[in-house]
Structure formats: C-alpha cells, structure tokens
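*Asks:* What follows is a structure written as structure tokens; I'll ask about it next.
Okay, structure coming up:
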C-alpha cells in the first residue's frame, strides 16, 4: 500500500526560455511523491501513535518533501491494515478472534496486556478450531471415487 502525494501549483506559468506569460490561473503538477506503507505500525485510535518522520524524493523533479505522519485505526478496527474487527476468544481473554471487514478472512490474534493492542495475527483460511485459539487445518484425506 502507498499514499501518493501530488504537489500542484495554481497560478501563472511563465515560459522559462522567453519569459512570456504562458498561462494565468493554471493548475500545473510540480512533483509527485509516494509513501510506502509496508513497514508502518498502525495504532488503535486513542492510544499513543507511532510517529514517523520521513524525507522522500519527488518522481518528476526530484524535490524533497519532509513529512511527519502516523496511522491510527478508527471505528474499533485493528491490525496493520486497520481492517480487523476483533472480539475476545471465549476460552481465553488474551486471544482475539478477528475478521477482516475487507476479505472476511478469520484471524487468531493475541491481545497485549492492556487488552487494547493486538499482535501475532495468524490468518485462518479454513476457519477456527473449536477452542478458538488455533486455526483449523485443511482436510487432506484422499478423495476416493467409485466407478459405477
């Protein structure tokens, strides 16, 4: 995932070679930046955010953009993509059963001691085991076809 930032100038455009006015009240792109979100840690809304300071270089003119940002999950969502809705597992309150609101994939996660943050999320493509602290494993029994 990335965040794209496009910097525009709105105003006059002057021809660099002739000095003539080319445009008035014209919107022109100056530079474009992309922030990779592969290595960020989102935080739950209301907790202390992970502040990230970064200098990135433009893809058009190579200008530098310095920024400070954080990513916080809202609306009771968790996870690195802020797409997990979680509830405590019935058998163990330090385990969370989470479902992605995007893919509907189920996850087994663990709550931190504060019972707010989650970590160690494991996707469960085959659903949850009965104790709700582990994933089901796929059925790998051979399929036997009978000829009539």
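In our numbering, the protein residues as written are 132 to 279. Every residue, glycine too, gets a C-beta built ideally from N, C-alpha and C.
1) Any chance you could list the beta strand (DSSP E) runs of at least 3 consecutive residues sitting entirely within the segment 201–251, in chain order?
2) Looking at C-alpha atoms only, which residue of 177, 187, 151 and 171 is the closest neighbour of residue 201?
3) Hey, would you say residue 237 sits closer than 8 Å to residue 250, going by beta carbons?
4) Can you tell me the Cα-Cα spacing of residue 219 and residue 225, whole angstroms?
5) Taking the alpha carbon of residue 160 as the point to measure from, which residue in 246, 183, 229 and 193 has its own alpha carbon closest?
6) Our contact map puts residue 259 next to residue 266 with C-beta atoms below 8 Å; I'd like the distance itself, whole angstroms only.
7) By the 10 Å Cβ neighbour count, where 16 or more other Cβ atoms means buried, how is residue 278 classified, buried or exposed?
8) Less than 8 Å separating the beta-carbons of residue 134 and residue 158?
9) With 16 as the cutoff for other CB atoms within 10 Å, does residue 210 come out buried or exposed?
*Replies:* In short:
1) Runs of the beta strand (DSSP E) inside the segment 201–251: 215–219, 226–231 and 237–242.
2) On the chain shown, position 70 is the one that residue 201 refers to. The shortest Cα separation from residue 201 among 177, 187, 151 and 171 belongs to 171.
3) Numbered from 1 along the chain shown, position 106 holds the residue referred to as residue 237. Numbered from 1 along the chain shown, position 119 holds the residue referred to as residue 250. No, these two residues do not count as a Cβ contact at 8 Å.
4) Within the chain shown, the letter at position 88 stands for residue 219. Within the chain shown, the letter at position 94 stands for residue 225. Looking at the backbone, the Cα of residue 219 and that of residue 225 are separated by about 7 Å.
5) As a first step, residue 160 must be located in the chain shown, where it is residue number 29. With distances taken between Cα atoms, residue 160 lies closest to 193.
6) As a position in the chain shown, residue 259 is number 128, starting the count at 1. As a position in the chain shown, residue 266 is number 135, starting the count at 1. Your pair residue 259 and residue 266 checks out as a contact, with CB atoms roughly 6 Å apart and the cut at 8 Å.
7) Here residue 278 corresponds to residue number 147 of the chain shown, with the count starting at 1. By the 10 Å Cβ count, residue 278 comes out exposed.
8) Against the chain shown, residue 134 aligns to sequence position 3. Against the chain shown, residue 158 aligns to sequence position 27. In terms of Cβ geometry, residue 134 and residue 158 do not form a close pair [threshold 8 Å].
9) Taking the chain shown and counting its residues from 1, the one referred to as residue 210 is at position 79. Buried, by the Cβ-count rule.
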